[in-house]
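Since the structure comes first, as structure tokens, the remarks are kept for the end.
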Ligand code: ARG
């Protein structure tokens with residue numbers, strides 16, 4: 004049960020009875036920051052008093068006359084200027100927790116406002132290997148999908164694969180020009196990845212050669228401008244030292260500011276120049292690559308031509324595409340398998356190919372899209388540039404496919420909401436898409452860009468390999484598992500020889516621990532911030548990590564094994580009244596209260612589509628459990644009744660952690 008929601012609803016009734024519109028005030032009922040003030044605090048009396056021109060303490064007292072509390076709460080207290088402090092009755096707390104323990108869903112009733120959600124996440128471009136950023140979209144999306152389903156919503160998860168873009172032109176070109184047939188025979192996936200990288204490198208090389216001259220000019224111009232400004236500043240400084248007037252100071256200040264701006268401009272011009280220089284050097288310093296580059300000046304256009312042929316139904320290119328797709332997918336699917344991620348549907352970009360032409364025609368005929376400089380675009384309110392849906396050479400764009408996808412989803416699923424779990428750098432694209440959706444008659448569908456930030460290395464810059472390449476997700480998963488293996492092995496060494504893991508158990512456990520650590524580290528961040536990646540931190544046995552949570556879970560399980568407890572009978576004994584929860588120490592009550600907050604934590608995840616509300620909750624719960632475990636003996640409790648009561652708290656903690664991790668897409672281990 005979501006206790007906070009129950010209390011809010013009761014205040015809603017009370018405020019309505021006072022003749023007040025309750026809606027602005029219900030958010031002001033929150034869990035207390037300090038147990039001194041009870042479990043919950045309602046702070047609406049101050050703003051409401053102001054509005055009604057009454058003393059807030061009186062307003063609080065009046066509201067309380069209409070507030071039903073006695074089945075759940077101790078008599079509310081009015082404190083200070085008008086805070087209402089609420090404390091849950093021990094008898095009610097015990098009853099609610101017992102009810103939770105007797106329920107498979109841990110007392111969480113499915114929502115009564117059931118919505119249809121379409122979730123768009125993961126969606127990698129499959130022609131190239133997945134990289135570190137893909138764990139974000141995949142796991143944030145996966146956890147939202149699990150949580151929304153658990154809360155009782157209808158969810159359709161759809162993996163909008165990038166299986167149709169320019170990257171396929173790259174592979175097709177690479178296959179036709181650079182194929183190592185023996186390598187392809189042996190390891191097709193690796194060979195396709197090599198072909199992609201090589202072709203891409205050569206395309207970038209010629210583009211860099213084209214740009215390098217003007218970038219050098221731009222850098223020199225920026226240098227000149229800065230030098231001139233520096234002299235100007237020096238002159239103005241002298242002037243000011245002589246005059247010391249308000250005007251001379253102002254002029255100097257303005258000039259200095261301009262100097263700073265020009266200096267920044269110079270650094271970015273320098274960076275752009277360096278980056279193309281690097282691309283050129285990488286090719287020219289490698290004899291083999293340079294040989295391949297020779298005579299391929301038109302590679303950029305040639306790659307686009309291969310893509311265009313594919314899109315226009317060229318049989319040979321389509322045949323290659325059909326051959327490549329399953330090979331690309333083996334690697335991707337293996338990763339999904341390791342991450343335990345599944346989709347209801349996988350409708351990639353290719354699925355929409357034949358819908359793009361008719362869509363553009365329809366939008367043109369309806370006057371929604373029109374020609375602009377040879378291309379076709381939709382002009383949107385609040386945006387200077389139009390959203391292009393067809394280029395002047397006839398090719399369709401990312402936005403065109405996304406519009407077709409929107410229409411398809413609207414018709415196929417009639418969703419209430421569509422969530423796009425995609426990198427924040429695509430914000431502009433989604434702002435335009437959502438604006439355009441209004442023209443498709445989708446004004447009342449909730450469209451949300453669930454955006455996320457960048458994974459950084461320890462140096463605070465985007466996480467790259469030492470060679471400056473993006474970090475492959477495969478190597479990340481493998482490394483996490485092998486580091487987890489060390490952690491698990493270390494723990495195992497402390498056990499008696501006969502209790503140790505077999506090699507197979509050790510591998511399975513370290514896989515769960517390693518991947519769990521990686522996933523949790525990602526989900527425990529506020530998704531919109533960047534975060535620094537660290538294996539050591541994510542695998543720490545203490546702190547807000549999956550390892551800590553899995554360890555807490557395994558510890559509870561070991562109590563049950565050690566005590567030879569029959570869990571099913573324990574649970575039954577509370578349902579049939581043989582046992583009752585009792586709170587003899589404050590840590591027991593605090594743990595019981597925390598257990599009741601699970602539903603509210605999930606509701607918070609849904610409100611903002613932020614899984615870190617759940618990780619924060621699990622961390623708090625594990626901490627309350629530690630405090631409880633330190634102060635309260637369980638197997639050696641004073642008497643059998645107390646022992647049973649404490650065992651039930653242990654059992655429910657383990658089940659809540661297990662369920663919470665499961666909703667994040669993380670598995671538990673029985674021992675570690
Ligand atoms: N394939 C895209 C990329 O890698 C992400 C697609 C996200 N979903 C969407 N409907 N646009 O950038």
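In the working numbering, the protein residues as written are 4 to 675. Heads up, the beta-carbon is just placed ideally off N, CA and C, and yes, glycines get one too.
Looking at residue i: is its Cβ nearer than 8 Å to the Cβ of residue j?
i           : j           : result
residue 150 : residue 313 : no
residue 400 : residue 440 : no
residue 522 : residue 487 : no
residue 66  : residue 40  : no
residue 520 : residue 673 : no
residue 473 : residue 134 : yes
residue 639 : residue 588 : no
residue 258 : residue 232 : yes
residue 303 : residue 187 : no
residue 584 : residue 9   : no
residue 518 : residue 480 : yes
residue 628 : residue 600 : no
residue 306 : residue 172 : yes
residue 651 : residue 563 : no
residue 96  : residue 595 : yes
residue 668 : residue 344 : yes
residue 364 : residue 404 : no
residue 391 : residue 362 : no
residue 647 : residue 590 : no
residue 444 : residue 533 : no
residue 251 : residue 243 : yes
residue 222 : residue 276 : yes
residue 118 : residue 416 : no
So, at 8 Å on beta carbons, what are the nonlocal neighbours of residue i in its own chain, with the 5 sequence-adjacent residues on each side left out?
i           : result
residue 53  : 59
residue 509 : 488, 491, 492, 495
residue 192 : 330, 331, 333, 334
residue 389 : 375, 380, 381, 382, 383
residue 3   : A query on residue 3 cannot be resolved here, the shown segment of the chain reaching from 4 to 675 and no further.
residue 483 : 517, 518, 520, 521, 538, 541, 542
residue 11  : 29, 32
residue 654 : 104, 559, 563, 570, 573, 574
Once you ignore the five residues that flank residue i on each side, which residues in its own chain have a CB closer than 6 Å to its CB?
i           : result
residue 308 : none
residue 48  : 59, 62, 63, 85
residue 622 : 547
residue 103 : 109, 110
residue 582 : 576, 647
residue 366 : 372
residue 278 : none
Short of 7 Å in beta carbon distance, which residues of its chain neighbour residue i, apart from the five on each side in sequence? Order them along the chain.
i           : result
residue 5   : 602, 603, 606
residue 170 : 128, 130, 131, 199
residue 371 : 381, 442
residue 254 : 239
Quick check: is any heavy atom of the ligand NAP less than 7 Å from the C-beta of residue i?
i           : result
residue 127 : This structure does not include the ligand NAP; its bound ligands are the ligand ARG.
Open item on the list: Check whether the stretch 424 to 437 and the stretch 459 to 474 are in contact - that is, three or more C-beta pairs closer than 8 Å.
Closed with: The stretch 424 to 437, when compared against the stretch 459 to 474, does not touch it at the 8 Å Cβ threshold.
Open item on the list: Assess contact between the stretch 386 to 399 and the stretch 128 to 146, defined as three or more Cβ pairs (one per stretch) separated by less than 8 Å. Is contact present?
Closed with: The stretch 386 to 399 is not in contact with the stretch 128 to 146.
- [ ] Identify every run of the beta strand (DSSP E) within the stretch 61 to 140, keeping only runs that are complete inside it and at least 3 residues long; order them along the chain.
- [x] Here the runs fully enclosed are 80 to 82, 86 to 89, 119 to 123.
Task: Meets three-Cβ-pair contact criterion under 8 Å: the stretch 538 to 555 and the stretch 646 to 664 - done: yes
Open item on the list: When you compare the stretch 153 to 173 with the stretch 105 to 119, are there three or more beta-carbon pairs, one atom per stretch, that lie closer than 8 Å?
Closed with: yes
- [ ] Report yes or no: do three or more beta-carbon pairs, one from the stretch 87 to 95 and one from the stretch 31 to 49, lie closer than 8 Å?
- [x] yes
TODO: Report yes or no: do the stretch 605 to 615 and the stretch 522 to 532 share at least 3 C-beta pairs separated by less than 8 Å?
DONE: yes
- [ ] Say whether the stretch 185 to 199 touches the stretch 260 to 269, bearing in mind that this needs 3 or more beta-carbon pairs closer than 8 Å, one atom from each stretch.
- [x] No: the two stretches stay apart, fewer than three of their Cβ pairs being nearer than 8 Å.
TODO: Could you name each continuous alpha helix (DSSP H) segment of 4 residues or more that falls completely within the stretch 25 to 56, going from the start of the chain to the end?
DONE: 48 to 55
TODO: Report yes or no: do three or more beta-carbon pairs, one from the stretch 410 to 422 and one from the stretch 496 to 509, lie closer than 8 Å?
DONE: no
Open item on the list: Assess contact between the stretch 122 to 132 and the stretch 158 to 166, defined as three or more Cβ pairs (one per stretch) separated by less than 8 Å. Is contact present?
Closed with: yes
- [ ] For the stretch 202 to 218 and the stretch 277 to 289, state whether three or more C-beta atom pairs, one from each stretch, are separated by less than 8 Å.
- [x] yes
Task: Length-filtered (4 minimum) alpha helix (DSSP H) runs lying within the stretch 631 to 672 - done: 643 to 667
Task: the stretch 91 to 98 contacting the stretch 64 to 79, beta-carbon criterion three pairs below 8 Å - done: yes
Open item on the list: Quick check on the DSSP output: what are the complete alpha helix (DSSP H) runs of length 4 or more inside the stretch 558 to 631, in order along the chain?
Closed with: Listed in chain order, they are 570 to 578, 589 to 598, 601 to 611.
TODO: Quick one: which unbroken beta strand (DSSP E) runs of 3-plus residues sit fully inside the stretch 356 to 398? Chain order, please.
DONE: Correct list: 372 to 375, 378 to 381, 390 to 393.
Task: Inside the stretch 286 to 370 only - alpha helix (DSSP H) runs reaching at least 4 residues - done: 290 to 296, 302 to 314, 318 to 342, 356 to 368
TODO: Go through the stretch 431 to 478 residue by residue and report every complete run of the beta strand (DSSP E) that reaches 3 residues or more, in order.
DONE: 449 to 455
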